[in-house]
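Step one of this worksheet: look at the structure below.
Number of protein chains: 2
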Amino acid sequence: MNTQNDPVLSDLRKRIAPSTTRYEMFAASLVADIESGKYPVGCMLPAEPELCSQYALSRHTVREGVRKLVEMGLVSRQRGIGTRVISKAVGPNDFTASTSLETLFSYIDGTWLKILGEKWLTADEKLANILDCKLGQSWLEVTTCRYQQNISQPLSHTVLYIAPGFAGILPHLGELNHPVYRLIEEHYGHKVRDLQLVVTALSIPPEVAAWLQCEPQSPGLHVVRRYRGTNDSYLSNSVSIYPQTRFDVSIRYQLNWSGS
Amino acid sequence: MNTQNDPVLSDLRKRIAPSTTRYEMFAASLVADIESGKYPVGCMLPAEPELCSQYALSRHTVREGVRKLVEMGLVSRQRGIGTRVISKAVGPNDFTASTSLETLFSYIDGTWLKILGEKWLTADEKLANILDCKLGQSWLEVTTCRYQQNISQPLSHTVLYIAPGFAGILPHLGELNHPVYRLIEEHYGHKVRDLQLVVTALSIPPEVAAWLQCEPQSPGLHVVRRYRGTNDSYLSNSVSIYPQTRFDVSIRYQLNWSGS
DNA sequence: AAGTGGTCTAGACCACCGA
DNA sequence: CGGTGGTCTAGACCACTTA
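Protein chains in written order, with the working numbering: chain L, 25 to 284; chain Z, 25 to 284.
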């Protein structure tokens, strides 16, 4: 079926919906069917040949439409298996913030860690909560301060929690410009796949303030970072305290798949 | 040119690079050329027909390859114009944080704004810096507190800066569950395309602490939010102060286009 | 072996931009 | 007007999964 050459349909498209293409209408129809429950979450979408004949579209157009649903996070496709509905479109994740790990940790340039202490410990309830790990799990705790070149005041007070198995990076922690995740990647080949940040405010405790050379009880940023690796296991975690004005967290979200 | 049927090439692909397709090799070649400076940032990529003949690929394959570069944020395409290099790929933006505006503002559920004061002002240097706008620009400043249902302590002290032209939302600001961006969308049809967040720590000033019912000089989160609309103009900005423990900022970055 | 999604070609019309 | 990227068709081979 070729409607591209059809002057009536072509004109109609121009007047009624100038920017709505066939694959977009098709995608919108699929989205509606998923929202309505015709294709419940977990079930398979009809295979491409069937969609082609159902909607009288070429396979390329069908694929373009389904690709849009993949981008929206509604379905996932597997070669040899099919296309599965994985979300109900209620709240599509239409805003994205993109960076590289390098950008995210650009503040580390020209800084190094001074190690204040280290010890092995097992997670009690409080720590398990902070690190989002199981009770009784074993971690190497390293207390540090991050210093900037040519500046006597440290940037932050950071407690690192390193997963057992990666303790070998300890001798290299003090090196310049080497965030923990990169040390783990260099020495063990484990790449970060998932980074979680939780930012809160706190009143800087006196013993930490002494290290940071700031007022005790003055306000600071409290940043928990959780690094998860390729196999979903935690590589390391860190709890950082930044005095006011020495650090900020900046994020920029942008709309992605244009309209609709 | 059809290499799909070529047993030699097919076998070679299987042995040497089992998962590398033609459009991926083509994309990798473009990336290399952009990184090397053959195509500097700001210049145009060759048009599709030329890429087709240069690489001996069909147009579909070329488009698939260029699409990958678009996803990586290296180039942007404009119909009628061409494909422009917009980034040097030095650090590919391989980590993304995805949410919806609804999720981002889920803390607004069950809260409303109490308006403490309002006035028109023009941006001096300090304000222009906070709002990232031009000097002398006119804004409607609305000072508010956000209250939660059944809780007497307010969640935050928020100063809104509303772009001239959207002042009509003022009577609706106090409504339940209505973030500013949604009011602007409902009343003026302008959608948010870009949201920037800057989080710092501060010592809560006494006059704000009185409203927030917290200790003067106690630590708090200082969050600047900038909402930009479809045409790159600012819709509104807000400066919020949250007492310690009443709010946190949580972000989750994930690796996206798998390998490499 | 049959069916799935992934890649690829060849050729076409379209909307948009700039000269 | 010619050139750009955007959409579309028809038909093909491929890798992968399941039975």
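Virtual Cβ for every residue (Gly too), placed ideally from N, Cα, C.
Amino acids of chain Z, ordered along the chain, whose beta-carbon sits closer than 7 Å to that of residue i
i	result
L/P243	A225, L226, S227, P243 and G244
L/Q237	Within chain Z, no residue comes near L/Q237; the closest Cβ sits about 16 Å away, beyond 7 Å.
Extent of the continuous beta strand (DSSP E) to which residue i belongs
i	result
L/G89	Per DSSP, L/G89 belongs to no beta strand (DSSP E); it is in the alpha helix (DSSP H), R83 to M96.
L/R206	Unbroken run through L/R206 is the alpha helix (DSSP H), V204 to Y212; no beta strand (DSSP E).
Z/P178	P178 to I186
Z/L200	Neither: Z/L200 is in no beta strand (DSSP E) and is coded neither H nor E.
L/E239	Counting along the chain, L/E239 falls outside any beta strand (DSSP E), and DSSP gives it neither H nor E.
Z/Y1	No statement about residue 1 of chain Z is possible, as the shown extent of chain Z runs from 25 to 284 and does not include it.
Z/L226	V216 to S227
L/L159	Segment: none, L/L159 is in no beta strand (DSSP E) and carries neither H nor E.
L/S274	V273 to L279
L/S122	F119 to T123
Chain Z contact residues for residue i, given Cβ-Cβ distances below 8 Å
i	result
L/S274	Q220, L221, V222 and V223
Contacts that residue i makes with chain L (C-beta to C-beta distance below 7 Å)
i	result
Z/Y131	In chain order: nothing, as chain L lies at least about 13 Å away.
First through last residue of the alpha helix (DSSP H) which encompasses residue i
i	result
Z/K150	E149 to L155
Z/D57	R46 to S60
L/Y79	E72 to Y79
Z/L69	First-last for Z/L69: undefined, no H or E at that position.
Closer than 8 Å at the beta carbon, the chain L residues around residue i
i	result
Z/G97	S122
Z/R83	Per Cβ cutoff of 8 Å: no residues; Z/R83 is ~12 Å from chain L at best.
Z/R217	Q278 and L279
Z/Q78	Near Z/Q78 there are no residues of chain L at all, since even the closest Cβ is about 23 Å away, more than 8 Å.
Z/Q177	Going along chain L, no residue has its Cβ under 8 Å from Z/Q177, so there is no contact; the nearest lies around 16 Å.
Those residues which DSSP pairs with residue i across a bridge
i	result
L/E142	L/V166
Z/V247	Z/V223 and Z/S264
L/T135	L/Q172
Z/L194	Answer is none; Z/L194 lacks a bridge partner.
L/S100	L/R108
L/R270	In the DSSP output, where bridge partners are listed per residue, L/R270 has none listed.
L/G189	Answer is none; L/G189 lacks a bridge partner.
Contact list for residue i against chain Z, beta-carbon separation under 9 Å
i	result
L/L128	F119 and Y277
9 Å Cβ cut-off: residues of chain L touching residue i
i	result
Z/Q102	Near Z/Q102 there are no residues of chain L at all, since even the closest Cβ is about 13 Å away, more than 9 Å.
Can you find at least 3 beta carbon pairs, one from the stretch 85-93 of chain Z and one from the stretch 83-98 of chain L, that sit closer than 8 Å? no
I want to know whether the stretch 100-112 of chain L touches the stretch 175-193 of chain L - three or more CB-CB distances under 8 Å. no
Within the chosen definition, does the stretch 223-233 of chain L reach the stretch 260-273 of chain Z through at least 3 CB pairs nearer than 8 Å? yes
May I ask you to verify whether the stretch 147-167 of chain Z touches the stretch 182-190 of chain Z, counting CB pairs closer than 8 Å and requiring at least 3? yes
If we count Cβ pairs, one from each stretch, closer than 8 Å, do we get three or more for the stretch 197-206 of chain L versus the stretch 133-149 of chain L? yes
Cβ-based contacts, 9 Å cut-off: residues of the stretch 161-173 of chain L near chain Z: none
The stretch 208-218 of chain L contacting the stretch 240-253 of chain L, beta-carbon criterion three pairs below 8 Å: yes
Between the stretch 230-247 of chain L and the stretch 236-249 of chain Z, do three or more beta carbon pairs fall short of 8 Å? yes
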